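First residue of the sequence shown? That's 167 in the working numbering, and the numbers climb one at a time after it.
Glycine included, C-beta positions come from ideal geometry on N, C-alpha and C.
As the structure is a computational prediction, the values presented were derived from the model and not from experiment.
This report concerns only the one structure given below.
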Amino acid sequence: MKLDPFYLIVDSADWIERLVPVGVKLVQLRIKDRSMAALRQEIRSARAICVQHRCQLIVNDYWQLAIEEGCDFVHLGQEDLETADLAAIRAAGVKLGLSTHDAVELQTALVARPDYVALGPVYATILKEMKWAPQGLERLRGWKERIGDLPLVAIGGLNVERIEGVFVHGADSAAVVTDITRNADPEARTRQWLAVTEPWRSSRKA
Numbered sequence: 167m168k169l170d171p172f173y174l175i176v177d178s179a180d181w182i183e184r185l186v187p188v189g190v191k192l193v194q195l196r197i198k199d200r201s202m203a204a205l206r207q208e209i210r211s212a213r214a215i216c217v218q219h220r221c222q223l224i225v226n227d228y229w230q231l232a233i234e235e236g237c238d239f240v241h242l243g244q245e246d247l248e249t250a251d252l253a254a255i256r257a258a259g260v261k262l263g264l265s266t267h268d269a270v271e272l273q274t275a276l277v278a279r280p281d282y283v284a285l286g287p288v289y290a291t292i293l294k295e296m297k298w299a300p301q302g303l304e305r306l307r308g309w310k311e312r313i314g315d316l317p318l319v320a321i322g323g324l325n326v327e328r329i330e331g332v333f334v335h336g337a338d339s340a341a342v343v344t345d346i347t348r349n350a351d352p353e354a355r356t357r358q359w360l361a362v363t364e365p366w367r368s369s370r371k372a
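Structural data, given as structure tokens:
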């Protein structure tokens with residue numbers, strides 16, 4: 167399985183409606199603290215937009231809703247992995263991505279046979295308070311050596327100036343949140359990300 171090198175993460179279907187038409191092909195919907203009814207509507211709206219634009223939608227945490235709404239992917243953290251029904255996720259044909267922050271979490275993730283693994287934070291991040299120090303580029307290289315052909319997603323503190331470094335050190339995809347959503351012109355910044363990741367996108371099509 168191949169992931170697009172540009173992995174956008176947003177917290178609403180409104181963001182997806184704004185940015186997916188720009189050319190995004192891989193997006194995670196990560197919403198916290200909403201009712202199940204509101205979450206379902208957000209996922210349903212996001213999926214409709216992604217289907218129209220041939221973009222893969224990844225739903226964070228809510229694997230039951232992802233199954234019920236026919237989504238492509240679900241992404242789980244380590245805490246969610248403890249309670250998720252992995253057999254049900256597999257039976258529904260939903261692909262699985264897992265977060266990792268240290269060697270123990272990586273081993274736990276690999277036992278679950280995910281479709282990709284995310285490592286972070288690569289750099290310091292302002293998105294949320296993290297108990298883990300920035301992992302750095304060399305940790306990315308070590309993770310990739312351990313997981314082989316399994317896609318590796320780098321996340322945490324990434325911007326367009328740091329993209330080449332994460333790919334050179336083994337990442338298959340670069341996940342971004344605040345560098346776009348807190349930018350004065352999110353659409354222009356998205357186009358910039360798409361442009362600078364194009365060499366890796368093109369090489370995978372060759």
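| query | result |
| --- | --- |
| Which one or two residues does DSSP pair with K261 in a beta bridge? | F239 |
| Using DSSP with H/G/I as helix, E/B as strand and the rest coil, what is L276? | helix |
| Using alpha carbons as the reference points, say which of H267, V270, D238 lies closest to G373. | Lying outside 167 to 372, the shown extent of the chain, residue 373 is not represented and no answer is given. |
| Over what stretch of residues does the beta strand (DSSP E) that includes V283 continue unbroken? | 282-285 |
| Excluding sequence positions up to five away, which residues of its chain have a Cβ less than 6 Å from the Cβ of I329? | A340, V362 |
| Within this structure, are the beta carbons of E183 and R210 separated by less than 8 Å? | no |
| Keeping to the same chain, check which residues put their C-beta closer than 8 Å to that of E311; ignore five residues upstream and five downstream. | G336 |
| Anyone know if the C-beta pair for L195 and A212 falls short of 8 Å? | yes |
| Are the beta-carbon atoms of L414 and L272 separated by less than 8 Å? | In the structure as shown, the chain starts at 167 and stops at 372, and residue 414 therefore has no counterpart that could be examined. |
| Report the option in A214, A254, V326 whose CA atom is closest to the CA atom of Y228. | A254 |
| How many Å lie between A290 and A257 at the Cα? | 37 Å |
| Could you check the C-alpha separation between L185 and W359 for me, to the nearest Å? | 12 Å |
| Helix, strand or coil: which one does DSSP assign to L306? | helix |
| With DSSP run on the structure shown, which of helix, strand or coil describes A214? | helix |
| Name the residue from W181, E245, I233 whose alpha carbon lies nearest to the alpha carbon of R206. | I233 |
| Taking 8 Å as the limit between beta carbons, can you name the residues of its chain near N325, skipping five residues before and five after? | V342, D345 |
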